[in-house]
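Enquirer:
There are 2 protein chains.
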Amino acid sequence: MSKGLYPIRTIAAMTGVNPVTLRAWERRYGIIRPQRTPKGHRLYTERDIDRIRQVLVLLERGIPISQARQVLDEGEPGAQSGAAEPARAEPDDSVWSSFLARMRTSASVFDEHGLDDVLQEAHSLFPASRVRHHLIEPLYRQFAGSREPDARTAQDAFLSGWLSTVLGTRLRHRSPRTSGPRLLLASLGAAPDPVALLLLACEAVDRDYRVTLLLGDLPVQQLEAAARDSGAEAILLWSGQAAEEAVAAAPDSTEFPIFLAGPAARSPDGQTGPFIPVPGDSRDILTGVDTRYHAPGWATA
Amino acid sequence: MSKGLYPIRTIAAMTGVNPVTLRAWERRYGIIRPQRTPKGHRLYTERDIDRIRQVLVLLERGIPISQARQVLDEGEPGAQSGAAEPARAEPDDSVWSSFLARMRTSASVFDEHGLDDVLQEAHSLFPASRVRHHLIEPLYRQFAGSREPDARTAQDAFLSGWLSTVLGTRLRHRSPRTSGPRLLLASLGAAPDPVALLLLACEAVDRDYRVTLLLGDLPVQQLEAAARDSGAEAILLWSGQAAEEAVAAAPDSTEFPIFLAGPAARSPDGQTGPFIPVPGDSRDILTGVDTRYHAPGWATA
DNA sequence: TAAACTGATACAATAACTATACAACGGCCA
DNA sequence: TGGCCGTTGTATAGTTATTGTATCAGTTTA
């Protein structure tokens, strides 16, 4: 191991570094300090050779020789990636209610894989947005997001957990592709429901908005600066409150249009949805995909 | 941590920003202030590189270069608490703190892809559990989960959103493989933090528990029945409260062992963690992987 | 004695530094 | 429309630094 002691010419041959250069490195930067014979000839160990090789790596990376010595204790990079895919379409109504029933059954026994199976089946038959509108969203409305905190059942909480992982996954897979206008998305009011917000985010992402998602409590005063810093063109707020309260709670902004989603967003015919409204604005948000959620006159702030 | 690294040409090659432009940015706007050699040559650190990348993100968003600095500094109020972490003498410590710093920088400009990049890099170098312990968890503790609701910044909320999608994805990918004992996982107290619970779920899943995740508010009386119906062998509760309150709030159960996680779980040496405790029980939860969180005598209920 | 090694000095090719100038662009106003 | 101005990226000039290599005189090795 420490047996090998090599003279400079050998090191030069092994590393490809000119002997003169090796001496210069030692003299100028103290990078390698080989042992010496009594008369002063350099003797390099295996460790020195390693160190020289490391130096060569650093040089390769663009680090100047004068800095290499200080740096000789670092890590390095690496990368890769991957993705998945959904499927195609055909409409029917009883299909959805059957899916829903199966999901409800799975949820009642906390069967996560049962939920996954149904979801997968649905995704194999319909595009993601339809699955969300006809399955995920009703599921959320009927169960996970439906009750007062005190009246929540364990099944509701289980569905919330499952939905949040499903939607989180979807969001992550989808967002790299989007390239539309940026939207800042946040909740209004205390103790917001993360699932509602994730659902809303998926909705927006599917419509090619780039979403900056702010999860959890956040003082409304922060929103405008956040919108500016994130490059958003509009702010979309989810609120579980009634329209009037929500509008009152929403921040004023001269800079960004602010839209409300959630029960606060009430259409003229009284229908509410976790989703969203839109003003007859040129910057129309969530347009044209599902007209249920697109009608003039809905609540805006 | 103050290691001199790359000269300007390397930075130019890496970021695509002309050296002349880099100097102009520094001179005119003070955006990046690299270290200097004694003779005045610039030396950029990884952190500087990251900052430059963030600037590019801002430029791409149409934010003028003259304002980029303000935006960046807004999200990064001082190089504070990063160093306040417990000084665990990890050999790779600087790697992690560098990752953390980069993530903080990305978060400051709401750069989701920046966060993804760092995470991917970390995952290419370390196993997932280490990444979670050294990167995700500190990130959560320092930022996303650190503050009183009123003191939360938009960056905190943004990190929460990102973390919840990341963790949700991880959970979904991992859970099909697990086959260990079942665990019912829920939060104690009002307005629980979903990210904390997801983090805990990942922790448990990585230790081969099958997790039934109950997200959001849930009356404690429901827990025992849910455990029974889901086939759980134990109940694990996350609580943001102090140990005494949490224990008081936890349900009694004759049927299932109940464990506490979160600040409520305090080790004998006073260290707290989002993670968890364990009784000297044969059904040991979260055993043997990270002994920081495994010591007899920790809070149980 | 020839070959190899030593420190010291010198040199040339790059590369970086500062400072100033300039061109392209967009906004604004008459 | 035309002209002015602020912003911003780049170009240029004149210096200075970095760094690999060459050379030299003297010493050691084999």
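Going down the list, the protein sequences come from chains A and B. When we follow the working numbering, the leftmost residue of the first sequence carries the number 1, and every step to the right adds one. When we follow the working numbering, the leftmost residue of the second sequence carries the number 1001, and every step to the right adds one. Built from N, CA and C at the ideal position, the CB exists for glycine as well.
Would you kindly check if the distance between the Cβ of B/D1050 and the Cβ of B/P1034 is under 8 Å?
Expert: Taking the first residue of the second sequence as position 1, residue 1034 of chain B is located at position 34. Taking the first residue of the second sequence as position 1, residue 1050 of chain B is located at position 50. No, the Cβ-Cβ distance between B/P1034 and B/D1050 is not below 8 Å.
Enquirer: If you run the structure through DSSP and keep just helix, strand and coil, what is B/P1277?
Expert: One-based indexing of the second sequence puts residue 1277 of chain B at position 277. Note on B/P1277: pLDDT 41, under 50, position unreliable in the model; no value is reported.
Enquirer: Enumerate in chain order the residues of its own chain whose CB-to-CB distance from B/R1174 is below 6 Å, with the five nearest sequence positions on each side excluded.
Expert: In the second sequence, counting from the first residue as 1, residue 1174 of chain B sits at position 174. The residues are V1205.
Enquirer: Judging by CA-CA distance, which residue of A/A201, A/L163, A/A107, A/R207 is the nearest neighbour of B/S1230?
Expert: Taking the first residue of the second sequence as 1, we reach residue 1230 of chain B at position 230. That would be A/A107, whose Cα lies nearest to the Cα of B/S1230.
Enquirer: A/A79 CB to nearest chain B CB: under 8 Å?
Expert: Walking along the first sequence from the start, residue 79 of chain A turns up at place 79. Note that A/A79 scores a pLDDT of 29, beneath 50, so its modelled location is shaky; the value from the coordinates is reported in the next line. Yes, contact with chain B.
Enquirer: Just curious, the beta strand (DSSP E) that A/V211 is in, first and last residue?
Expert: As a first step, residue 211 of chain A must be located in the first sequence, where it is residue number 211. Unbroken beta strand (DSSP E) run through A/V211: 210–213.
Enquirer: Please report the residue range of the alpha helix (DSSP H) in which B/S1239 lies.
Expert: Within the second sequence, residue 1239 of chain B is the residue found at index 239, counting from 1. Not the alpha helix (DSSP H): B/S1239 falls in the beta strand (DSSP E), residues 1234–1239.
Enquirer: Any C-beta of chain A within less than 9 Å: which residues of the stretch 1197–1222 of chain B qualify?
Expert: So the close ones are L1197, L1198, A1201, R1210, V1211, T1212, L1213, L1214, L1215, G1216, D1217, L1218, P1219, Q1222.
Enquirer: Assign A/M14 to buried or exposed, taking buried as 16 or more other Cβ atoms, counted over all protein chains shown, within 10 Å of its Cβ.
Expert: The count along the first sequence starts at 1 and reaches residue 14 of chain A at position 14. Per the 10 Å Cβ criterion, exposed.
Enquirer: At least one CB of chain B closer than 8 Å to the CB of A/P127: is that the case?
Expert: Along the first sequence, read from residue 1 onward, the residue named residue 127 of chain A stands at position 127. Taking Cβ atoms only, chain B never reaches closer than 8 Å to A/P127, which makes this a no.
Enquirer: Sorted by chain position, which residues of the same chain lie with C-beta nearer than 6 Å to B/P1019's C-beta, five sequence neighbours on each side aside?
Expert: Counting from 1 along the second sequence, the entry for residue 1019 of chain B is found at position 19. Cβ within range, chain order: I1008, A1012.
Enquirer: Can you tell which of A/V95, A/W25, A/D93, A/S98 has the C-alpha that lies nearest to the C-alpha of A/P64?
Expert: To locate residue 64 of chain A, count along the first sequence from 1; it is residue 64. Comparing Cα positions, the closest option is A/W25.
Enquirer: In whole angstroms, give me the CA-to-CA distance for A/L167 and B/R1170.
Expert: In the first sequence, counting from the first residue as 1, residue 167 of chain A sits at position 167. In the second sequence, counting from the first residue as 1, residue 1170 of chain B sits at position 170. Taking the straight line from one Cα to the other gives about 12 Å.
Enquirer: Which residue's Cα is closest to the Cα of B/V1057: B/F1099, B/D1111, B/G1180?
Expert: Here residue 1057 of chain B refers to the residue found at position 57 of the second sequence. Taking only the C-alpha atoms, the option nearest B/V1057 is B/D1111.
Enquirer: Cβ of A/L260 less than 8 Å from any chain B Cβ?
Expert: Translated into positions along the first sequence, residue 260 of chain A becomes position 260. Cβ-Cβ to chain B under 8 Å: no for A/L260.
Enquirer: Assign B/G1308 to buried or exposed, taking buried as 16 or more other Cβ atoms, counted over all protein chains shown, within 10 Å of its Cβ.
Expert: The requested residue 1308 of chain B does not occur in the structure, where chain B is confined to residues 1001 to 1301.
Enquirer: At least one CB of chain A closer than 8 Å to the CB of B/P1138: is that the case?
Expert: What you label residue 1138 of chain B is simply residue 138 of the second sequence in a count that begins at 1. By this cut-off, B/P1138 is not an interface position.
Enquirer: Strictly under 8 Å for the Cβ-Cβ distance: is B/E1233 near chain A by that measure?
Expert: Residue 1233 of chain B sits at position 233 when you count from the first residue of the second sequence. Not an interface residue.
Enquirer: Since B/R1182 is in the beta strand (DSSP E), which residue starts that stretch and which ends it?
Expert: As a position in the second sequence, residue 1182 of chain B is number 182, starting the count at 1. Note, B/R1182: beta strand (DSSP E), 1182–1188.
Enquirer: A/G168 touches chain B at which residues, Cβ-Cβ below 7 Å?
Expert: Counted from its first residue, the first sequence places residue 168 of chain A at position 168. The answer, in chain order, is S1164, T1165, G1168, T1169.
Enquirer: Out of curiosity, what's the CA-to-CA distance linking B/A1196 and B/W1238?
Expert: Along the second sequence, read from residue 1 onward, the residue named residue 1196 of chain B stands at position 196. Along the second sequence, read from residue 1 onward, the residue named residue 1238 of chain B stands at position 238. C-alpha separation (whole angstroms): 8 Å.
Enquirer: Give me the residue from A/Q222, A/L183, A/E224 with the minimum Cα distance to A/D208.
Expert: The residue labelled residue 208 of chain A in the question sits at position 208 within the first sequence. Nearest option by C-alpha distance: A/L183.
Enquirer: Between the C-alpha atoms of B/G1114 and B/E1255, what's the straight-line distance to the nearest angstrom?
Expert: Residue mapping note: residue 1114 of chain B aligns to position 114 of the second sequence, counting from 1. Residue mapping note: residue 1255 of chain B aligns to position 255 of the second sequence, counting from 1. If I take the Cα positions, the gap works out to 47 Å.
Enquirer: Considering only DSSP beta bridges, list what B/R1042 is partnered with.
Expert: One-based indexing of the second sequence puts residue 1042 of chain B at position 42. For B/R1042, which the question treats as bridged, DSSP gives the partners B/R1036.
Enquirer: Give me the DSSP bridge partner(s) of A/Y6.
Expert: If you number the first sequence from 1, residue 6 of chain A lands on position 6. Beta-bridge pairing links A/Y6 to A/Y44.
Enquirer: Given 8 Å as the limit, is there contact between the stretch 121–128 of chain A and the stretch 157–165 of chain A, that is, 3 or more CB pairs closer than that?
Expert: Judged by Cβ distances under 8 Å, the stretch 121–128 of chain A makes no contact with the stretch 157–165 of chain A, as fewer than three pairs qualify.
Enquirer: If contact means a Cβ-Cβ distance below 8 Å, which residues of the stretch 1043–1068 of chain B contact chain A?
Expert: Listed in sequence order: L1043, L1058, R1061, G1062, I1063.
Enquirer: Could you give the residue range of the alpha helix (DSSP H) that holds B/L1167?
Expert: Residue numbering aside, residue 1167 of chain B sits at position 167 when the second sequence is read from its first letter. 1154–1174 is the extent of the alpha helix (DSSP H) around B/L1167.
Enquirer: Cβ closer than 8 Å: which chain A residues qualify as neighbours of B/P1181?
Expert: Stepping through the second sequence from its first residue, residue 1181 of chain B is reached at position 181. Simply none; closest approach about 15 Å.
Enquirer: Closest to B/S1097 by C-alpha separation, out of B/E1046, B/S1129, B/Q1070, B/D1116, would be which residue?
Expert: As a position in the second sequence, residue 1097 of chain B is number 97, starting the count at 1. If we check each option's Cα against that of B/S1097, B/E1046 comes out closest.
Enquirer: Could you check how far apart the C-beta atoms of A/C202 and A/R132 are, in whole angstroms? I think they sit under 8 Å.
Expert: Residue mapping note: residue 202 of chain A aligns to position 202 of the first sequence, counting from 1. Residue mapping note: residue 132 of chain A aligns to position 132 of the first sequence, counting from 1. Yes, A/C202 and A/R132 are in contact; Cβ-Cβ is about 6 Å, under 8 Å.
Enquirer: Cβ of A/A308 within 8 Å of Cβ of A/L214?
Expert: The structure shown does not extend to residue 308 of chain A, since chain A is modelled only from 1 through 301, so no value can be given for it.
Enquirer: Check A/I136 in the structure and name its three-state DSSP category.
Expert: In the first sequence, residue 136 of chain A corresponds to position 136, counting from 1. Three-state result, A/I136: helix.
Enquirer: Does the beta-carbon of B/E1224 have 16 or more other beta-carbons within 10 angstroms, so that it is buried, or is it exposed?
Expert: Locating residue 1224 of chain B in the second sequence gives position 224, where the first residue counts as 1. When all chains shown are included, B/E1224 counts as buried.
Enquirer: Quick one: is A/H41 buried, meaning 16 or more other Cβ sit within 10 Å of its Cβ, or exposed?
Expert: The sequence position of residue 41 of chain A within the first sequence is 41, counting from 1. It counts as exposed.
Enquirer: Could you tell me which of A/R69, A/F143, A/Q54, A/T21 sits nearest to A/T105, measuring between CA atoms?
Expert: Position 105 of the first sequence, counted from the start, is the residue given in the question as residue 105 of chain A. The candidate whose alpha carbon is nearest that of A/T105 is A/F143.
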